[in-house]
Amino acid sequence: MNAEQDPPQSSDDTSRLPAERPQSPARKTFVLKRQKDVSAPTFRIRYADELNAAQLAVVENIEGPVLVIAGAGTGKTRTLTYRVARMIEMGIPPGHILLLTFTRKAAQEMLRRASMLVGPRAEQVEGGTFHSFANRTLRHHAQRLGYNPSFNILDQGDCEDVVNLLRTRLGLEAKKRRFPRKQTIVSMISSSINRMTPLREIVEAEYPQYRNEIEEIESLARAYQDYKRAHDLMDYDDLLVNMVMLLEKHPDVRERLADMHRFIMVDEYQDTNKLQHEIVHRLSGTRRNVMVVGDDSQSIYSFRGANFRNIMDFPEDFPGTTVITLEENYRSTQPILTFTNEVLRSAAEKYEKHLFTRRVGGDLPMIVSTMNETLQSQFVVQRVLELREEGVELNDMAVLFRSSFHSFDLEIELNKANIPYIKMGGFKFIETAHVKDLVAHLRVLHNMRDVVSWNRILLLLEGVGPRGAQRVIDAIIDGSITLSHDGIERARGLGNQAVARLFETLGALVDEHIPLPEKVDLLVGYYRPIMKRKYDDYTKRLKDIEVFAEIAGRYRSLNSFLSDMALEPPNESVTDIGESGSEDEKLVLSTIHSAKGLEWSSVFLIWALDGFFPAARSVGSHESIEEERRLMYVATTRAKDRLAISYPVNIYDRDSGMVLSKPSRFIETIPEEIAERWVVAEE
DNA sequence: CTTTCAGACCTTTTT
DNA sequence: GGTCTGAAAG
1194 MNAEQDPPQS SDDTSRLPAE RPQSPARKTF VLKRQKDVSA PTFRIRYADE
1244 LNAAQLAVVE NIEGPVLVIA GAGTGKTRTL TYRVARMIEM GIPPGHILLL
1294 TFTRKAAQEM LRRASMLVGP RAEQVEGGTF HSFANRTLRH HAQRLGYNPS
1344 FNILDQGDCE DVVNLLRTRL GLEAKKRRFP RKQTIVSMIS SSINRMTPLR
1394 EIVEAEYPQY RNEIEEIESL ARAYQDYKRA HDLMDYDDLL VNMVMLLEKH
1444 PDVRERLADM HRFIMVDEYQ DTNKLQHEIV HRLSGTRRNV MVVGDDSQSI
1494 YSFRGANFRN IMDFPEDFPG TTVITLEENY RSTQPILTFT NEVLRSAAEK
1544 YEKHLFTRRV GGDLPMIVST MNETLQSQFV VQRVLELREE GVELNDMAVL
1594 FRSSFHSFDL EIELNKANIP YIKMGGFKFI ETAHVKDLVA HLRVLHNMRD
1644 VVSWNRILLL LEGVGPRGAQ RVIDAIIDGS ITLSHDGIER ARGLGNQAVA
1694 RLFETLGALV DEHIPLPEKV DLLVGYYRPI MKRKYDDYTK RLKDIEVFAE
1744 IAGRYRSLNS FLSDMALEPP NESVTDIGES GSEDEKLVLS TIHSAKGLEW
1794 SSVFLIWALD GFFPAARSVG SHESIEEERR LMYVATTRAK DRLAISYPVN
1844 IYDRDSGMVL SKPSRFIETI PEEIAERWVV AEE
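For the first sequence, my numbering gives the first residue as 1194, with consecutive numbering after it.
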């Protein structure tokens, strides 16, 4: 099928043709001319030479719904890049293209590569995550939904704080029976929202132990929603919910947005949830120029409400969909590909794909059993050093694991061996208490009504507890304390030295003409003594604060800084972030989730031990086991040339109280001719 | 009211 | 090994 000849439905769907719709003249002629003349020899890029047949089909199908099933390593990024380039060459204004990706980095990378093909115009394509797109859009249209445009965004920790506060207020402490902890409550609510399923059903299906508490949980959830709305706060889910609301309840806005984003591309579609699907569906409107790419076999975010039904059902949601499958793998050698296919062989439901590669030859994957945890780490260290000797750069090797803490022991051994590494995923810099404290100060400057942040920064003060904080917050909300001169006087009148100093500091910073870096410096000066009093590892944390100031220094506006910190925080974990730039060559340690979309020459997968991977708590249900299997697939498909999977035996697991010694069920049955088995024992 | 302290609890994955 | 909660001391 070929967009140049006769795009399907172009005759009956007139709304797509700009000529029918009065517009600014310049824009109109621009688009019209190109659409009728697509195959004219104005393309400077010779797409057919650069892409294989399936990839070319993706690039040439610009109009109408397109579903691309892209197996691992099949050149998805390349294809998307060329598609963007092609659209721009066709004369589609870059601003009309919306590229939704899983991380902002992925979008930036694609646009950077596209701009190398067709020039800097490509950078004007609107790209980013669903959340960041929703954020930008909602800042423009907040009033329509009754929000202040300077709403602040709550991360998960903030949400938990709110729930905690409201729970106390409603008198729902874990007094009598067992009431779920705040974390659990937040994830219940989030599940309910992202799956568009009533809370009651979520609790009954997934948290049956709290069945008797449903009434209370529901009322807490309601209080939570009201609270956020009353104070111009949105959590991650609200960004999506409100985006859907905006599109649903305000047709004029929907029209305008659909007009602005005529061509929509969504990457990693297998990891979108129902809300995100709604956004795509409504935004594409009658034009239906939607292309989604994904691999159902790599769907690994169901805990976040992602539903791979989205990708399975796409052709039904968008009748007339062109389905294109990318099957040539350019990444891995045949032995690795054979191995990954074997991992996937018994998956329950999937689009059939037959990945093949021309990279014949290469080592068989290794499955390595070690006596204990330390030997596993030492095995990795030794192999890394050997490969390094053979000329493989550290950058081109990665160690992957199911859960963040699985790398702890390895990190010790890496330090001993002086191997520099960077760790992705797990606990983040931005989530450390002292960094959150600083951010909270900036957030109240951005939005005085951010009571969550007020609460946080007031509780830092000596002599202020929950009660005192609430008194001050009440005064802020009713307007008797402000950051103006007499507002500060009033704060001083409260009789607490520390509170007075807080307001003096903030009062001096509220001036919008002060550049952000300067604000942060002043704030750090204010915060340092507080930190010294509160944390005994003060000097270690001080380093983070310096890094924080440095990051803030790159931003001009408080708004964009806060949005980025909430939506796209640095993914490196705490220890690494300060060292960036000190050494270029580093071994990558990463959770499998954070390794999505990446590739390395050599990949180690550690802790492939039943109970760790699959995780013990996933063993219960069929669906979660299937997801773990896909996770194994994602992990193993990251490898280009070498793959080693290891597991220690005889590990005592506190959770189950058992000694675990079985290799992961996903690799246990792999035949001898597909993977070599090794044992590492003490000499 | 706030702070401190001791015991209970449980740990995926991320926007 | 860390966070979270509740009770007692300041």
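By construction, the Cβ of each residue, glycine as well, lies at the ideal position given by its N, Cα and C atoms. Please read these numbers as outputs of a predicted model, since none were measured by experiment.
- CA-CA distance, Arg1297 to Met1559, rounds to 34 Å.
- The three-state secondary structure of Met1389, taken from DSSP, is coil.
- The Cβ atoms of Arg1823 and Ser1384 do not sit closer than 8 Å to each other.
- If you draw a straight line from the Cα of Ala1809 to the Cα of Glu1820, it comes to about 13 Å.
- In the DSSP annotation of this structure, Ile1457 is not part of any alpha helix (DSSP H); the continuous beta strand (DSSP E) holding it starts and ends at Phe1456 to Val1459.
- Our two residues, Asp1488 and Arg1831, have alpha carbons roughly 14 Å apart in a direct line.
- Excluding the 5 residues flanking it on each side, Pro1864 has no same chain C-beta neighbour closer than 7 Å.
- CA-to-CA, the gap between Val1396 and Met1484 works out to about 35 Å.
- Ranked by how close their Cα comes to the Cα of Ile1799, the residues Arg1415, Ala1591, Asp1679 and Pro1508 have Ala1591 in first place.
- Burial check for Trp1871: the Cβ neighbour count within 10 Å stays below 16, so the residue is exposed.
- For Ser1795, the pairing in a beta bridge is given by DSSP as Met1590 and Arg1835.
- Spanning the alpha carbons of Asn1387 and Asp1460 requires a straight line of approximately 19 Å.
- The three-state secondary structure of Val1657, taken from DSSP, is coil.
- In this structure, Ser1600 lies away from Lys1621, with their beta-carbon atoms at least 8 Å apart.
- If you ignore the 5 residues before and after Leu1338, its C-beta comes within less than 7 Å of the C-beta of Asn1435, Met1438 and Leu1439, all in its own chain and listed in chain order.
- At the C-beta level, Leu1653 and Gly1264 stay beyond 8 Å of one another.
- Taking 8 Å as the cut-off, the beta carbon of Met1825 is found no closer than this to the beta carbon of Val1632.
- DSSP, read as helix, strand or coil, puts Gly1364 in coil.
- With 16 or more other Cβ atoms inside 10 Å of its own Cβ, Ile1290 counts as buried.
- Assignment of alpha helix (DSSP H) within the stretch 1393-1472, counting only whole runs of 4 or more residues, yields 1407-1423, 1429-1442 and 1444-1453 in chain order.
- Of the candidates Arg1502, Ile1457 and Ile1493, Ile1457 places its Cα closest to the Cα of Arg1480.
- Residues Ala1414 of the same chain have their beta carbon placed closer than 6 Å to that of Ile1382, with the five preceding and five following residues left out of the count.
- For Ser1308, there is no enclosing beta strand (DSSP E); the residue is found in the alpha helix (DSSP H) stretching over Arg1297 to Val1311.
- With contact defined as three or more Cβ pairs closer than 8 Å, the stretch 1633-1653 and the stretch 1691-1710 are in contact.
- CA-CA distance, Ala1499 to Lys1725, rounds to 42 Å.
- CA-CA distance, Arg1329 to Gln1527, rounds to 44 Å.
- Around the beta carbon of Ile1612, 16 or more other beta carbons lie within 10 angstroms, which makes this residue buried.
- Around the beta-carbon of Gln1402, fewer than 16 other beta-carbon atoms lie within 10 Å, marking it exposed.
- Shown here, Trp1647 sits in a helix according to DSSP, grouped into three states.
- Straight across, the Cα-Cα distance linking Ala1788 with Asn1466 is about 20 Å.
- Assignment of Pro1722 by DSSP, reduced to helix, strand and coil, places it in the helix class.
- Counting C-beta pairs with one atom in each stretch, the stretch 1642-1651 and the stretch 1346-1356 have three or more that are closer than 8 Å, which means they touch.
- With a cutoff of 8 Å on beta-carbon distance, Leu1468 and Leu1426 are scored as not near each other.
- Bounds of the beta strand (DSSP E) holding Lys1616 are Tyr1614 to Met1617.
- Residue environment: Val1516 is assigned as exposed (fewer than 16 neighbouring CB atoms within 10 Å of its CB, all protein chains considered).
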